[in-house]
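The structure under discussion appears below in the form of structure tokens.
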Amino acid sequence: MAQGSPLPGWEGNPIILAFGACPENFDAGWRGNGGNHPTISKPEAKMFLVVVDIVGPTSGCLRDSVYFPALTSRDTSDLTRGTNVLQQPTIPMTGDGLPQPRVSYFAPAKTKNRGFAAEIMTSSDLKLQHDHVDDKASSQESGEMFTPKEASAIRRRIDLRLIPALGLMYGISLMDRKNVSNAAIAGMLVDLKLQKGYGYSLITLSFFITYIVFQPIMTIACRKVGPRLFLPGICLLWGGIIIGFGWMSKWTGMVGLRLVLGVLEAGYFPGCVYLLSTWFTKFEVARRYSVFYVIGSFSSAMSGILAFGLMQMEGVQGIRGWRWIFIMEGVITIGIALFAYIFIVRFPDEELTKPSFRFLKPDECQFIVDRLEKDRGDVAMEPFNLVKFLKPALEWHIWGFAFLFFCLTTVTYSFAFFLPIILKDNLGFSMAASQCLVAPPYAFAGILMFSTAWFADRLKVRFPFIILNSVITIIGLPIMGFHSNSAVRYFGAFLGVAGANANVPLVMAYQANNIKGQWKRAFCSATLTGFGGIGGIAGSLIFRSQDKPTYIPGISACIATSCVIVITVLIMTAYFKWENNKADRGEKIIDGSPEFRYTL
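Each residue of the sequence shown is one higher than the one before, counting from 126 in our numbering.
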């Protein structure tokens, strides 16, 4: 056994961490907070990385050894030998049976003034075999520290703290970006002289210019600032912008405000996707995304009914009804941002050092970190490096996910912007009925969304359900556009809206399951939602005023993009299957981990 020097106490100077050495040319180092220097400079630090390196010829290493890092305390009253065993206790082996060159582990540390010794123990020391390690990992997952019931309660507490608040703010963001369509049929087009030309399209389009450009920057800002302050903060700011819309006298001023709104909202959706993906395991995340999106979509769908009610304030204080839509919805946005701040929590690795008020206890948070590390091995946050952040851009399938989301949001945004107008012009409903009839298709979408996400998580597969929802959309769109009966066309709207929106959480989960690493996750969240913004631009342009009342070109474009989704998913699934087979044969290591496999 090789043992490093005892670590000094936490008080006083920065800790100088020890390095061990063993006859097998095996070197172990303890490094602080994921940094590149073997020190911990903050006494309050509760987490540090164990970095294990093979530094010399490996011929002296026992091929059947299981290298097993652990913490050993000199004060055994609260930390006994072998406790705090890490969630990935075995070092992955190469094809010839030797350890991988570098493996990182995330381990807890005490903040009290005690001495610790770092140890590296082989299977000879601990009398462990691979099956024993697997048994321990299994028991840890099922709840060695917690019973299954207690573990479920911890996960439920995370659900309740994150998903309702994030979903509600997402609904507000959707409402605030598309309330121009409600204001349009409430008199804004006439007052701002937008009946002809591309003025209205420019108002809807301008939002997406900054929304796309600022995605990567705002995603990095979310990680740096922290979601608890960042997400409610930008929501508060864009609420003030929405109030400003109510006082615009020219449509060009509305374009300027929409550009600012795009900057602020650029950080919200990718921040939510990123945050949720860090708290849940691979096959828990689709259901959480679906509930998050259902809450958001339903809140957004209710905006039509809310807008109809606010229109009744026509003339109050001499202000037009469409202006009251913006003013009151801006006030509501600010109120919800302040409310959400109470509930939003930090990233899991941050919660270990800075726990949120009345959220998880330290041992509960450690349990969550352990199971996440066991699931995908990327809880530890690496220092930001621009080159490393942009490196995923070289992988074609990352852009495949983004392209899928572009096609998908082309359809979902076209419904969001134009469904009230289509119901009025194409289906012949009154203005009031059109505002209210937007909600039922989105309610049905919520049912389909959660059902397909639940089965996708249960079966641990994505592509069949993405194809299923796309086919539902393809069936619904021509019914909505071309049937002679208005009631049947409205049923087609149900299918079109439901199929397209049900695919949003599935595509998000499809991407989240097939990437590894914190900054790669951040980059991919930005590209996904950035291309979603490009889809928003397309969706805002395909239904043109000159095509009413049938809107045949717009409906045809939505059908075509849904077909492209099916083709793209089939191509990506075939590629992932091919890569998994190569990894199974030992011909390739995916994303630097011998255990990683793509989710189909």
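Glycine included, each C-beta is placed from N, C-alpha and C at the ideal position.
Below 8 Å CB to CB, which residues in the same chain sit around residue i once its five sequence neighbours on both sides are set aside?
i: Gln437; result: Gly446
i: Ile547; result: Met605, Ala618, Phe668 and Tyr676
i: Ile310; result: Pro545, Ile546, Lys549, Met556, Ser559 and Gln560
i: Lys82; result: Residue 82 cannot be examined here, being either before or after the span of the chain that is shown, 126 to 725.
Please state whether DSSP places residue i in a helix, a strand or coil.
i: Ser718; result: strand
i: Glu149; result: The predicted position of Glu149 is uncertain, since its pLDDT is 32 and thus under 50; a value taken from the coordinates is nonetheless stated next. Three-state DSSP puts Glu149 in coil, outside helix and strand.
i: Gln728; result: Since the first residue of the chain shown is 126 and the last is 725, residue 728 is not available in this structure.
i: Ser609; result: coil
i: Ala391; result: coil
i: Lys349; result: helix
i: Glu266; result: For Glu266, the predicted structure reports a pLDDT of 42, less than 50, and the residue's modelled location is therefore unreliable. The matter cannot be settled from this model.
i: Pro630; result: helix
i: Phe482; result: coil
i: Pro273; result: helix
i: Gln437; result: coil
i: Thr406; result: coil
i: Trp524; result: helix
i: Pro517; result: helix
i: Gly553; result: coil
i: Met313; result: helix
i: Ser306; result: helix
i: Leu533; result: helix
i: Phe332; result: helix
i: Asp765; result: Lying before the first or after the last residue shown, residue 765 is absent from the chain, which here runs from 126 to 725.
i: Leu562; result: coil
i: Glu712; result: coil
i: Ser641; result: The amino acid occupying residue 641 in the given sequence is Lys; Ser does not appear at that position. Lys641: coil per DSSP, three-state reduction.
i: Gly369; result: helix
i: Pro341; result: helix
i: Asp427; result: Just to set this straight, residue 427 is Met in the shown sequence, not Asp. In the structure shown, Met427 sits in coil (DSSP, three-state: anything other than H, G, I, E or B).
i: Thr675; result: coil
i: Pro487; result: helix
i: Asn510; result: coil
i: Ile547; result: helix
i: Arg445; result: coil
i: Leu725; result: coil
Near residue i, which residues of its chain fall below 7 Å by C-beta distance, leaving aside the five closest residues on each side in sequence?
i: Glu712; result: none
i: Thr335; result: Leu384, Gly387, Val388 and Ala391
i: Lys702; result: Leu725
i: Ser402; result: Val410, Ala637 and Arg646
i: Val305; result: Ile328 and Thr329
i: Thr201; result: At Thr201, the pLDDT of 28 sits below 50, so the modelled position is not reliable; the number obtained from the coordinates is stated separately. Correct list: empty, nothing qualifies.
i: Asp500; result: Thr406 and Lys407
i: Gly429; result: Asn307, Pro545, Gln560, Cys561, Val563 and Ala564
i: Met427; result: Ala564
So, for residue i: in the same chain, excluding its five sequence neighbours on each side, which residues have a beta-carbon less than 6 Å away from its beta-carbon?
i: Pro678; result: Asp672
i: Gln320; result: Leu314
i: Phe540; result: Val622
i: Thr535; result: Gly660, Ala663, Gly664 and Thr686
i: Arg722; result: Asn705
i: Asp716; result: Lys641
i: Ser298; result: Glu390 and Tyr393
i: Tyr295; result: Gly421
i: Val494; result: Pro473 and Val504
i: Phe530; result: Val632, Leu653, Phe656 and Gly657
i: Glu476; result: Cys490
i: Met453; result: Leu435
Assuming residue i and residue j form a contact by the criterion Cβ under 8 Å, report the distance between their Cβ atoms to the nearest whole angstrom.
i: Leu631; j: Ala581; result: 6 Å
i: Pro289; j: Ile459; result: Not confirmed; about 18 Å, so no contact.
i: Arg286; j: Val470; result: 6 Å
i: Ala588; j: Val689; result: For the sequence presented, residue 588 should be read as Phe rather than Ala. Actually they do not touch by this definition, with Cβ atoms about 15 Å apart.
i: Leu666; j: Ser326; result: 6 Å
i: Cys683; j: Leu602; result: 5 Å
i: Arg302; j: Phe332; result: 6 Å
i: Trp449; j: Val456; result: The Cβ separation is near 10 Å, so there is no contact.
i: Trp644; j: Glu507; result: 6 Å
**OP:** Evaluate the contact criterion for the stretch 379–395 versus the stretch 353–368: three or more CB pairs, one atom per stretch, below 8 Å.
**Re:** By the criterion of at least three beta-carbon pairs nearer than 8 Å, the stretch 379–395 is in contact with the stretch 353–368.
Original post:
Between the stretch 342–351 and the stretch 390–401, are three or more C-beta pairs nearer than 8 Å?
Top reply: As far as the Cβ criterion goes, the stretch 342–351 touches the stretch 390–401, which means the pair count is three or higher.
Subject >> Inter-stretch contact at 8 Å, needing at least 3 Cβ pairs: the stretch 639–657 / the stretch 555–565 >> reply: The stretch 639–657 and the stretch 555–565 do not touch, with fewer than 3 CB-CB distances between them shorter than 8 Å.
Subject >> Within the stretch 565–595, ranges of the alpha helix (DSSP H) (whole runs, at least 4 residues) >> reply: Runs of the alpha helix (DSSP H) inside the stretch 565–595: none found.
Original post:
Would you say the stretch 522–538 touches the stretch 276–285, given that touching needs at least three Cβ pairs under 8 Å?
Top reply: The answer is no - the stretch 276–285 does not touch the stretch 522–538, with fewer than three Cβ pairs under 8 Å.
Original post:
Counting Cβ pairs closer than 8 Å, one from the stretch 487–497 and one from the stretch 591–599, do we hit at least three?
Top reply: Cβ pair count under 8 Å is below three, so no.
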